[in-house]
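There are 2 protein chains.
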Amino acid sequence: MNRLVGILGGMGPGATVDAMQKLIKNTPAYRDQDHIPMIAVSIPDIPDRTQCILDHSASPLEKMIQYMKILENAGAECIIIPCNTAHYWFNELKLHSRVDMISIIDAACQVIRDKKIANVGLLATTATIKAQIYQRHLAESGIDCHIPPAAEQSAVMESIYAYKSGDAEKAHSLLTPIKDRLLRSGVEKIILGCTELPLILQQEIKHAPENYIDATEALIKKTVEWYFAPIRGNKAAA
Amino acid sequence: MNRLVGILGGMGPGATVDAMQKLIKNTPAYRDQDHIPMIAVSIPDIPDRTQCILDHSASPLEKMIQYMKILENAGAECIIIPCNTAHYWFNELKLHSRVDMISIIDAACQVIRDKKIANVGLLATTATIKAQIYQRHLAESGIDCHIPPAAEQSAVMESIYAYKSGDAEKAHSLLTPIKDRLLRSGVEKIILGCTELPLILQQEIKHAPENYIDATEALIKKTVEWYFAPIRGNKAAA
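Top to bottom, those sequences are chains A and B. Numbering follows the UniProt record's numbering, with no gaps: position 170 of the first sequence is 170. Numbering follows the UniProt record's numbering, with no gaps: position 52 of the second sequence is 52.
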């Protein structure tokens, strides 16, 4: 077996599958055997990340560590988490991990820096925004980050929960006017900083990919780079 | 954690993701936490199933057992394999498993019986067809099974390999005339007896779902039933 990618998923399950799909699409492969080996744990009983950060309800950390251990014990050499809000606990998870981990926030911010974007919009969960998960990273690089006003942010969150509840149509109609206003406000691109958003805006991304930074896609591209990197840098081998 | 579904995947990776997507879509869920817990191993270095059956090349059995053990050790209580051809080894895999397993062939054939179909077409890998994986099951129930003539069957196989190589367009244009002829020949429905086929014929299934028995969908519906069944029937608990 080649180097195994572990996906700590279930936050939500649809976003996990989207990350796997993007890993397949971003791999140069001509037959099954060329694809990147992956193992995905999608056990969605992890407590709600947003509720924990905003309302101090049950923490998802313990379960995330537990399921990360399943991946490590199965032989995963690099762990990725297709959930932006979960990255609030990224450093703590890293302390508990004995293998490589790639941050979705680092991956997305690197794309923004590489593209020399000075002025970016952010769509994300209210927790990701309130915890300044993206803003802090971007401020360090002198990048302006624009977020929707409070009422619109509530609608973004409602859209994400609608998608998770299976109502993709409601999710889409709630989100579309907000991303339109954000684009009209003059930002160069919008960070899709919640892994449900590329699913909700699937058609828009297809028609105008230049408007978006898909954090999931950025994470996956870094993961493909990790897989094909000539020198092993994982902690287990160190 | 609730009962955990294990997906022995990678045959191919796209089909694995399709099965996971269908598990999500077939689960009544209103939030992340309502979804069925799953773990998927998609390590695609498993030797080609069709080549082994037809040309006696390297057997996939050993690796399939190895990756099935990863699922069992992670706590999977029911294992499914989104690959029809791999079911050539289903009974051997079952001998090595200590948990429940659901056969994609049984699941698809049960749908055909339940729908009282007397006359069915079969699209599958040349190995699945030559090994009579479906035909034997269907003959036991007195169901006529029609397969494409040899030249067309070669094109079906070419289509499947084209899809696996990333050329969805070629896969589609090779397969479409064959499924059209099969439908015109008078079969009531076509079994999509290879997990790449629902991906290749995605649009056709959307427009005329009544023409097809999607084996992956049948497998997933049985898996959802297993998950919600009140009495645990798994071997580990016996």
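All C-beta atoms in this analysis are idealised placements derived from N, C-alpha and C, irrespective of residue type, glycine included. Computed from a prediction, not measured in an experiment: that's the story for all the values here.
How far does the alpha helix (DSSP H) with Gly14/A in it reach, from first residue to last?
-> Within the first sequence, numbered from 1, the residue matching residue 14/A stands at position 14. First-last of the alpha helix (DSSP H) with Gly14/A: Pro13 to Lys25.
Going along the chain, which residues of the stretch 36-50 of chain A sit with their C-beta nearer than 9 Å to a C-beta in chain B?
-> Ile36, Pro37, Met38, Ile39, Ala40, Val41, Ser42, Ile43, Pro44, Asp45, Ile46, Pro47 and Asp48
State buried or exposed for Gln135/A, treating a residue as buried only when at least 16 other CB atoms are found within 10 Å of its CB.
-> Start at 1 with the first residue of the first sequence, and residue 135/A comes out as number 135. That one is buried.
Once you ignore the five residues that flank Ala58/A on each side, which residues in its own chain have a CB closer than 6 Å to its CB?
-> Translated into the one-based positions of the first sequence, residue 58/A becomes position 58. Contacts found: Pro47.
Close beta carbons around Ile39/B, own chain, < 8 Å, minus the five adjacent residues each side | Mapped onto the second sequence, residue 39/B falls at position 39. Hits under 8 Å: Leu4, Val5, Gly6, Ile7, Leu71, Ala74, Gly75 and Ala76.
When you compare each of Glu225/A, Trp226/A and Glu196/A to Asp214/A by their alpha carbons, which one comes out closest?
-> Counting from 1 along the first sequence, the entry for residue 214/A is found at position 214. Answer by Cα proximity: Glu196/A.
Out of Ala29/A, Gln33/A, Met68/A and Ile24/A, point me to the one whose CA is closest to Ser42/A's CA.
-> Residue mapping note: residue 42/A aligns to position 42 of the first sequence, counting from 1. Nearest C-alpha to Ser42/A: Met68/A.
Just how far apart, CA to CA, sit Glu204/B and Asn26/B?
-> As a working mapping, residue 204/B is identified with position 204 in the second sequence. As a working mapping, residue 26/B is identified with position 26 in the second sequence. Near 20 Å, if we compare the C-alpha coordinates of Asn26/B and Glu204/B.
Every unbroken beta strand (DSSP E) inside the stretch 67-132 of chain B [3 residues or more] | 78-80, 100-102 and 119-123
Check the C-beta distance from Pro148/B over to Leu93/B and give it rounded, since I have them as a contact under 8 Å.
-> By one-based count along the second sequence, residue 148/B stands at place 148. By one-based count along the second sequence, residue 93/B stands at place 93. That belief does not hold up - the Cβ atoms of Pro148/B and Leu93/B are roughly 28 Å apart, past 8 Å.
Whole runs of the beta strand (DSSP E) within the stretch 179-203 of chain A, excluding any shorter than 3 residues = 189-192
Is there contact between the stretch 17-33 of chain A and the stretch 18-36 of chain B, where contact requires at least three CB pairs shorter than 8 Å?
-> yes
Return no unless some Cβ of chain B is closer than 8 Å to the Cβ of Pro13/A.
-> Position 13 of the first sequence, counted from the start, is the residue given in the question as residue 13/A. It does; some Cβ of chain B falls within 8 Å.
Arg98/B: beta carbon under 7 Å from a heavy atom of the ligand GTP?
-> Only the bare structure without any ligand can be found here, which leaves the ligand GTP out of the picture.
Among residues of its own chain, excluding the 5 on either side of Val156/B, which ones have a beta-carbon nearer than 7 Å to its beta-carbon?
-> Position 156 of the second sequence, counting from 1, holds the residue named residue 156/B. The answer, listed in chain order, is Leu123, Pro148, Leu175 and Ile178.
Under a three-way DSSP split, which group does His137/A fall into?
-> Sequence index remark: in the first sequence, residue 137/A carries index 137 (1-based). In this structure, His137/A counts as helix in the three-state DSSP scheme.
Can you name the start and end residues of the alpha helix (DSSP H) that Ala40/B belongs to?
-> Here residue 40/B is taken as the residue at index 40 of the second sequence, counted from 1. Counting along the chain, Ala40/B falls outside any alpha helix (DSSP H), though it belongs to the beta strand (DSSP E) covering Met38 to Ser42.
Ala208/A versus Lys189/A, Lys222/A, Arg98/A and Leu219/A, residue with shortest Cα-Cα distance | Position 208 of the first sequence, counted from the first residue, corresponds to residue 208/A. Of the listed residues, the one whose Cα sits closest to Ala208/A is Lys189/A.
Taking the Cβ atom as the reference point for each residue, do Ile104/A and Tyr227/A lie within a distance shorter than 8 Å?
-> Here the question's residue 104/A lines up with position 104 in the first sequence. Here the question's residue 227/A lines up with position 227 in the first sequence. Result no, Cβ atoms of Ile104/A and Tyr227/A do not sit closer than 8 Å.
What does Tyr212/B pair with, by DSSP beta-bridge criteria?
-> Position 212 of the second sequence, counted from the start, is the residue given in the question as residue 212/B. Answer by DSSP bridge pairing, in chain order: Ile190/B.
Kindly list the residues whose CB is nearer than 7 Å to the CB of Glu158/A, restricted to its own chain and excluding five residues on each side of it in sequence; keep chain order.
-> Walking along the first sequence from the start, residue 158/A turns up at place 158. Closer than 7 Å at Cβ, skipping near neighbours: Leu174.
Run through DSSP, which three-state label would Leu4/A get?
-> Within the first sequence, numbered from 1, the residue matching residue 4/A stands at position 4. If DSSP states are grouped into helix, strand and coil, Leu4/A belongs with coil.
What is the rounded straight-line gap between the Cα of Thr128/A and the Cα of Cys145/A?
-> Counting from 1 along the first sequence, the entry for residue 128/A is found at position 128. Counting from 1 along the first sequence, the entry for residue 145/A is found at position 145. Taking the straight line joining both Cα atoms gives about 13 Å.
Run the CB neighbour count on Asp55/B, radius 10 Å, all protein chains shown included, and call it buried at 16 or more, exposed below.
-> In the second sequence, residue 55/B corresponds to position 55, counting from 1. Flag for Asp55/B reads exposed.
Just how far apart, CA to CA, sit Lys115/A and Ala108/A?
-> Position 115 of the first sequence, counting from 1, holds the residue named residue 115/A. Position 108 of the first sequence, counting from 1, holds the residue named residue 108/A. Each residue's alpha carbon lies about 11 Å from the other.
Per DSSP, Asp144/B is paired with what?
-> Counted from its first residue, the second sequence places residue 144/B at position 144. Asn119/B, per the DSSP bridge assignment.
With distances taken Cα to Cα, identify the nearest neighbour of Thr50/A among Val187/A, Tyr212/A, Ser141/A and Ile133/A.
-> The residue given as residue 50/A occupies position 50 in the first sequence. Of the candidates Val187/A, Tyr212/A, Ser141/A and Ile133/A, the one whose C-alpha sits nearest the C-alpha of Thr50/A is Ile133/A.
When Leu61/B, Ala29/B and Lys222/B are compared against His87/B, the one with the closest alpha-carbon = Position 87 of the second sequence, counted from the start, is the residue given in the question as residue 87/B. Ranking Leu61/B, Ala29/B and Lys222/B by Cα distance to His87/B puts Leu61/B first.
Own chain residues within Cβ distance below 8 Å of Leu199/B, not counting five before or after | The residue you call residue 199/B lines up with position 199 of the second sequence. So the list reads Gly14, Ala15, Asp18, Tyr163 and Ala168, once near-sequence residues are dropped.
Between the beta-carbon of Gly142/A and the beta-carbon of Val187/A, is there less than 8 Å?
-> Your numbering for residue 142/A matches position 142 in the first sequence. Your numbering for residue 187/A matches position 187 in the first sequence. Contact: no.
In chain B, which residues lie with their C-beta within 7 Å of the C-beta of Gln33/A?
-> For this step, residue 33/A is matched to residue 33 along the first sequence. Chain B residues near Gln33/A: Pro44 and Asp45.
For the alpha helix (DSSP H) that contains Arg49/B, what are its first and last residues?
-> What you label residue 49/B is simply residue 49 of the second sequence in a count that begins at 1. Start and end: Arg49 to Asp55.
Please decide whether Met64/A counts as near chain B, where near means a Cβ-Cβ distance under 8 Å.
-> Counted from its first residue, the first sequence places residue 64/A at position 64. Chain B, which has no Cβ nearer than 8 Å to the Cβ of Met64/A, makes this no.
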